[in-house]
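Report on the structure given below.
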Amino acid sequence: MRVLLTGGAGYIGSHTALALLNAGYDVVVLDNLSNSSPEAFRRVEALTGKKAPLIIGDCTDGDTVRAVFENHGPIDAVIHFAGLKAVGESVEKPLDYYQNNLDATMALCRVMPEYGCRALVFSSSATVYGVTQEMPLREDFPTGCTNPYGWTKWISERILTDVAKADPSRSFVLLRYFNPIGAHESGRIGEDPAGIPNNLMPYICQVASGKLDHLRVFGNDYPTRDGTGERDYIHVMDLAEGHLAALDYALKNSGVEVFNLGTGTPYSVLDIVRAFEEANGLTIPYEITPRRPGDIAVCYADASRARDVLHWQAKRDLKQMCRDAWNWQKHNPRGYGDK
Ligand code: NAD
Ligand code: UFG
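Written out as structure tokens, the structure is:
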């Protein structure tokens, strides 16, 4: 069974590639390396002892995608990670986001049937739920977004739904990720953000390593247990394993299905700081600052649908997420070092 991973050199893609190779799948990666390093993929090969071609190219270009199917087929399924993902940047450069993220989805939709490939797993996001009061979030809740990045996920979900309606032989699984953190247990692959991290865990890791001075906690006046924002953090290896379950489902079924991939447990920013300190025996200095514009108070999943239908649930706890995040940062202070 051979699977094409678009964006497979990135954070979630590289961890999923590792899980797929270990499970006996053949893997082909198409990545333009706009936000990743080929070193990630070399390490995946070293960790698994298996070879997987990394094709450096753009997924928005139909001919490039066609060449991958032509030269590296037969491809049985696609996991579509490729996309730009920085919320703030998407507000500044909306056209770049719409063009990259939507053209990539459409190019795949066009080329796949030319090669008899009908199954695709898509990286969506909890951000498609927009601002809603009711938690935990269930897949059938209303959707809507607050920034161009979110809309690219929302519109991609729409495109895939319409394409599957027009051709009922197709099989699309839309995965709405919550907050992936952590790294593979080996510490050889992990998250390598360019510049100063936007997200909480990579920021904490860089404070721990001395690269950044202290954490700014964005607001302690939210209507939450301790006033700081609550999120559903999920270990990236659990997320990777969720893709294996989703892939299996996509190959055996047709139509469109949506699943939340989260743990169902919310943790506050201060919970994360404390857990990181305890797991790693370190102190994370922080100050409370005003809220970050656009942030919501609480966001966590009802993860029961993935459990009941995909027979998957997250296994790794917060301590392990914190330990593995730091293990990666500690051993790779410059990330993959060549960006
Ligand atoms: P990432 O940036 O590490 O990985 C994305 C990969 O796609 C990168 O390697 C990048 O080089 C590649 N890419 C981008 N545009 C491309 C194109 N046109 N052609 C080929 N390759 C291209 O991000 P990630 O955290 O691994 O996220 C993977 C997917 O999951 C993305 O679609 C992202 O939007 C989605 N997602 C991520 C999170 C998160 O918190 N990390 C949450 C929800 C959804
Ligand atoms: N936070 C801080 N300080 C920081 C960074 C974050 O206090 O330096 C707080 C935030 O205010 C929030 C929590 O930590 O309460 C988590 O923030 P992240 O930036 O790590 O994650 P978000 O939930 O804001 O965003 C993530 C993804 C987005 C996606 C969104 C919804 O990064 O791409 O989830 O799914 F759109």
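For what it's worth, the numbering used here labels the leading residue of the sequence shown as 89, then goes sequentially.
For every residue, glycine included, the Cβ atom is placed at its ideal position computed from N, Cα and C.
Nearest neighbour of residue i, chosen from the options [CA to CA]
i      : options                        : result
Val179 : Cys410, Ser392, Pro381         : Pro381
Ile143 : Phe364, Val115, Arg411         : Val115
Lys181 : Thr240, Cys205, Val166         : Thr240
Phe260 : Gly95, Lys340, Val117, Thr353  : Lys340
Arg355 : Cys205, Tyr424, Pro268         : One detail in the question is off: residue 355 reads as Tyr in this sequence, not Arg. Out of Cys205, Tyr424, Pro268, Pro268 has the C-alpha closest to the C-alpha of Tyr355.
Gly317 : Leu288, Ser342, Gly298, Val324 : Leu288
Cys197 : Thr371, Ala252, Ile100, Asn159 : Ala252
Arg304 : Gly343, Val357, Asp320         : Val357
Asn348 : Pro256, Asp390, His160         : Asp390
Pro256 : Met200, Gly343, Leu172         : Gly343
Asp396 : Tyr337, Leu121, Ser297, Gly161 : Tyr337
Thr371 : Phe266, Ser392, Ala296, Phe306 : Ala296
Trp414 : Arg313, Gly298, Tyr374, Arg319 : Gly298
Arg154 : Glu177, Leu335, Tyr203         : Tyr203
Gln187 : Leu172, Leu208, Leu121         : Leu172
Pro373 : Ile100, His302, Ala134         : His302
Asn189 : Thr249, Leu208, Ile243, Leu92  : Ile243
Asp320 : Leu335, Thr353, Leu300, Phe306 : Thr353
Thr377 : Leu300, Phe306, Leu398         : Phe306
Leu92  : Ala367, Phe210, Tyr185         : Phe210
Leu398 : Pro201, Leu335, Leu300, Gly112 : Leu335
Residues of its chain near residue i, where Cβ-Cβ distance is below 8 Å and the 5 sequence neighbours each way are ignored
i      : result
Asp309 : Gly315, Arg379
Thr136 : Leu106, Leu109, Asn110
Val175 : Thr215, Asn235, Tyr237, Gly238, Asn286, Gly382
Phe229 : Tyr217, Thr220, Glu222
Pro141 : Val116, Val117, His160
Asn123 : Gly98, Leu172, Lys173, Ala282
Asp280 : Tyr99, Ser124, Ser125, Ala128, Asn420, Gly423, Tyr424, Lys427
Asn120 : Ile144, Gly145, Asp146, Cys147, Ala170
Residues of its chain near residue i, where Cβ-Cβ distance is below 7 Å and the 5 sequence neighbours each way are ignored
i      : result
Pro311 : Ala385
Pro285 : Tyr291, Gln294
Met223 : Val386, Tyr388
Val346 : Glu227, Leu262, Arg264
Met194 : Ile247
Val219 : Thr234, Ile384
Thr152 : Gly145, Asp146
Val199 : Gly150, Val153, Arg154, Phe157
Pro126 : Ala97, Leu142
Glu365 : Thr371, Ile372
Arg131 : Arg276, Ile277
Tyr185 : Leu172, Ser178, Pro236, Tyr237, Thr240
Close Cβ partners of residue i (< 6 Å) along its chain, the five nearest in sequence each way excluded
i      : result
Ala192 : Cys147, Thr148, Ala170
Arg90  : Asp114, Ile163, Asp164
Trp416 : Ala271, Gly275, Gly278
Glu245 : Ser212, Leu262
Ala328 : His103, Thr104, Ala107
Trp400 : Gly330, Ala333, Ala394
Ala402 : Ile322, Asp326, Thr351
Cys205 : Ile163
Val156 : Leu118, Ile143
Ala207 : Ala165, Ser259, Ala338, Leu339
Ala363 : Leu406, Cys410
Status (buried if at least 16 other CB within 10 Å, exposed otherwise) for residue i
i      : result
Lys407 : exposed
Ile360 : buried
Arg404 : buried
Arg422 : exposed
His272 : buried
Val216 : buried
Leu225 : buried
His168 : buried
Gly425 : exposed
Gly369 : exposed
Val420 : Position check: residue 420 holds Asn in this sequence, whereas Val was assumed. Result: buried.
Lys139 : exposed
Thr94  : buried
Arg313 : exposed
Leu183 : exposed
Gly101 : buried
Thr231 : buried
Ala254 : exposed
Asp250 : exposed
Ala134 : exposed
Cutoff 8 Å: residue i Cβ touching any chain C Cβ
i      : result
Asp383 : Reference to chain C is not applicable here, since this structure consists of a single protein chain.
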